[in-house]
Amino acid sequence: MAEPFIKSQFPALMEHSPELIYLDSAATTQKPAAVLEAVQAFYLHSNANVHRGAHALSIKATSAYERARAQIAQFVDAESPESVIICYGTTHAINTVAHGLTHQLSPGDIILVDGAAHHANIVPWQQLAKRTGAELYPIPLLKNGSIDLPAYQALLQRGPKLVSLNHVSNVLGHANPLDVLIPLAKTVGALTLVDGAQAVAHLPVSVRSLGCDYYVFSGHKMYGPTGVGILTGKRQSLEQLEPMMSGGEMIKTVRFEHSEFAGLPNRLEAGTPPIAQVIGLAKAVEFIQSLDRQAVAEMEQSMLRKARAGLQQLGYFVYGDPGNCHGALAFNLLGEHHQDIGTLLDQQQVAIRCGYHCAMPLMEHLGTKGSCRLSVAAYNTPNDIDRAIEALAIAKDMLSE
Ligand SMILES: Cc1ncc(COP(=O)(O)O)c(C=O)c1O
Numbered sequence: 000m001a002e003p004f005i006k007s008q009f010p011a012l013m014e015h016s017p018e019l020i021y022l023d024s025a026a027t028t029q030k031p032a033a034v035l036e037a038v039q040a041f042y043l044h045s046n047a048n049v050h051r052g053a054h055a056l057s058i059k060a061t062s063a064y065e066r067a068r069a070q071i072a073q074f075v076d077a078e079s080p081e082s083v084i085i086c087y088g089t090t091h092a093i094n095t096v097a098h099g100l101t102h103q104l105s106p107g108d109i110i111l112v113d114g115a116a117h118h119a120n121i122v123p124w125q126q127l128a129k130r131t132g133a134e135l136y137p138i139p140l141l142k143n144g145s146i147d148l149p150a151y152q153a154l155l156q157r158g159p160k161l162v163s164l165n166h167v168s169n170v171l172g173h174a175n176p177l178d179v180l181i182p183l184a185k186t187v188g189a190l191t192l193v194d195g196a197q198a199v200a201h202l203p204v205s206v207r208s209l210g211c212d213y214y215v216f217s218g219h220k221m222y223g224p225t226g227v228g229i230l231t232g233k234r235q236s237l238e239q240l241e242p243m244m245s246g247g248e249m250i251k252t253v254r255f256e257h258s259e260f261a262g263l264p265n266r267l268e269a270g271t272p273p274i275a276q277v278i279g280l281a282k283a284v285e286f287i288q289s290l291d292r293q294a295v296a297e298m299e300q301s302m303l304r305k306a307r308a309g310l311q312q313l314g315y316f317v318y319g320d321p322g323n324c325h326g327a328l329a330f331n332l333l334g335e336h337h338q339d340i341g342t343l344l345d346q347q348q349v350a351i352r353c354g355y356h357c358a359m360p361l362m363e364h365l366g367t368k369g370s371c372r373l374s375v376a377a378y379n380t381p382n383d384i385d386r387a388i389e390a391l392a393i394a395k396d397m398l399s400e
């Protein structure tokens, strides 16, 4: 597969080519022309609200929207299109679950959360614990940031009601061994949520094979538009959720005394959904499916190996397990502030992310306030890594002057 051909499908990258090296895809990926065109085409030719009108344009919009839902369901091997709930992003999807479970938790119930979780996968559970009197515990990590399996097994003995896990860490790129972690959680009867925000662009996902109750991800991290995310999982587990939002579209009947809610998926989709974004997301699915995914994953991993070796040769410290790295890696130049490195790279038109990456507890575990993070996607090339390493060498020289 020729990566320059992939890059040529991304107008924003071509506009800034060859100067800009974009290594911040874990924050958000660039969008291929096909996605941009699909969003524009919807507004140009089919714009109408869905599920509402008897008129032709609304019927056209509704069928495009529902077709997109079915494509997304097939992409992650969801149980059915009805078990694909359209949300506004991963954060919204996790909040939907955390709010939806409020009535199921009681004081003293235990919630376990991945020690390497993104804040979007921590704070909603804290709020749930506050509302219900439940207790939240982090799943301990090994020194390198991977889950400490014996410690996880010991915590499971306390009978948690819910276990929430990363699929892939947004900082270290570690993929959790979900084939081990989820069955273990199930043996003690816990509900499981998997945050797939950093996984769907890099790994094939089968929600049915994972067997988790809830799986969530964002469109904008998989070449799709912002403003759309997905909550899927087991039908029965989704049906257990009390709707966080209520209003139009999610009801069967409304009387002033009482309203009856609709079934899935509408029950959890109050209000006008992000129609154009969903249609754009289905195009992003088609884009991913047009790639040789195995070849792309191998290329991404080889770029990350190259980056790790180059960084280490320059004297940068690279975090995490080198044998388990998908999409992103984190590093620091010890003694220097991560932000300074980011700024010096930006001056050389190399875009990376610096900070705590919405993962303060993980940063604390790694013994730092923040780090630099370099992340790759299908459009990156080994040349991008060479350019980044050159820029990092210059940054190091400048900081040591
Ligand atoms: C692992 C992970 N979870 C959740 C989120 C939140 O995603 P969003 O901001 O699209 O809701 C992110 C975003 O960086 C993430 O990387």
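0 is the number of the first residue of the sequence shown in numbering that gives the first Met the number 0; add one for each residue after it.
For each residue, glycine too, the CB sits at the ideal point set by N, CA and C.
Contact test: D23 Cβ vs ligand 1 heavy atom, cutoff 7 Å: The beta carbon of D23 sits no closer than 7 Å to any heavy atom of ligand 1.
Test item, CB below 5 Å from any non-hydrogen atom of ligand 1: Residues with a Cβ closer than 5 Å to any heavy atom of ligand 1, in chain order: G88, T89, T90, H117, A119, N169, D194, A196, Q197 and S217.
Rounded separation between T28 and A116 - CA only: The C-alpha of T28 lies about 20 Å from the C-alpha of A116.
At least 3 beta-carbon pairs within less than 8 Å: the stretch 93-113 vs the stretch 59-77: Because the criterion of three Cβ pairs below 8 Å is not met, the stretch 93-113 and the stretch 59-77 do not touch.
Which residues DSSP lists as bridging C86, in chain order: Paired residues: G228.
T342 versus R68: straight-line alpha-carbon distance, rounded: Going from the Cα of T342 to the Cα of R68 covers about 40 Å.
Within 8 Å, strictly: CB atoms of M244 and A261: Cβ distance not < 8 Å, so M244 and A261 don't count as in contact.
Distance CB(G309)-CB(I393) smaller than 8 Å: I393 sits away from G309, with the two beta carbons spaced by 8 Å or more.
Cβ separation of D113 and S163, assumed to be a contact under 8 Å, to the nearest whole Å: That pair is a contact at about 6 Å.
Length of the line joining the Cα atoms of D194 and E400: Distance between the alpha carbons of D194 and E400 is about 43 Å.
G232 vs V206 beta-carbon contact at 8 Å: Contact check for G232 against V206 passes: the beta carbons are separated by less than 8 Å.
Cut-off 6 Å between Cβ atoms - residues of its own chain near H98, not counting five sequence neighbours on either side: The residues are M243.
Classification of K220 by the beta-carbon crowding that lies within 10 angstroms, buried from 16 upward: Label assigned to K220: buried.
The stretch 9-27 / the stretch 367-377 touching (three or more Cβ pairs under 8 Å): Result yes; three or more Cβ-Cβ pairs closer than 8 Å.
Contacting residues, own chain, Cβ-Cβ under 7 Å from E78 (five flanking each side not counted): Here the set comprises R207, K233 and R234.
Nearest-angstrom Cβ-Cβ length linking S82 and L263, presumed shorter than 8 Å: Between L263 and S82 the Cβ distance is about 6 Å, and since that is below 8 Å, they are a contact.
Segment contact flag, the stretch 345-357 with the stretch 300-309, C-beta cutoff 8 Å, min 3 pairs: The stretch 345-357 makes no contact with the stretch 300-309: fewer than 3 CB pairs, one atom from each, lie closer than 8 Å.
Counterpart residues of E259 in DSSP-defined beta bridges: DSSP lists T252 as partners of E259.
CA nearest to the CA of F216, picked from A198, D320, P203 and L202: Here the closest residue by C-alpha is A198.
Where M397 falls, given that 16 or more other Cβ within 10 Å makes a residue buried: Counting other Cβ atoms within 10 Å of its Cβ, M397 stays below 16 and is therefore classed as exposed.
Residue closest to R157, alpha-carbon to alpha-carbon, out of N120, H54 and A184: With distances taken between Cα atoms, R157 lies closest to A184.
Whether Y87 touches V227 by CB criterion (8 Å): The criterion of a C-beta distance shorter than 8 Å is satisfied by Y87 and V227.
N- and C-terminal bounds of the beta strand (DSSP E) containing E134: Residues E134 to I138.
Residue of K395, E285, M362 and Q346 minimising C-alpha distance to G334: Closest by alpha carbon: K395.
Where V317 sits in the DSSP three-state scheme: V317: strand per DSSP, three-state reduction.
With 16 other Cβ atoms within 10 Å as the buried cut-off, status of T186: The residue is exposed, with fewer than 16 neighbouring Cβ atoms inside 10 Å.
Distance, Y213 Cα to I278 Cα: When rounded, the distance between both Cα atoms is 23 Å.
Cβ shell of V49 (< 6 Å), same chain only, five flanking positions each side left out: Closer than 6 Å at the Cβ level, and outside the excluded window around V49, lie A60, T61, Y64 and I274.
Sub-8 Å separation of A390 and Q338 beta-carbons: No.
Complete alpha helix (DSSP H) runs within the stretch 55-120 (minimum length 4 residues, chain order): Qualifying alpha helix (DSSP H) stretches, in chain order: 55-74 and 89-99.
Contact check, R403 vs A329, beta carbons under 8 Å: Because the chain spans 0 through 400 in this model, residue 403 falls outside it and cannot be assessed.
DSSP-derived helix/strand/coil call for I181: Looking at I181 - three-state DSSP - the assignment turns out to be helix.
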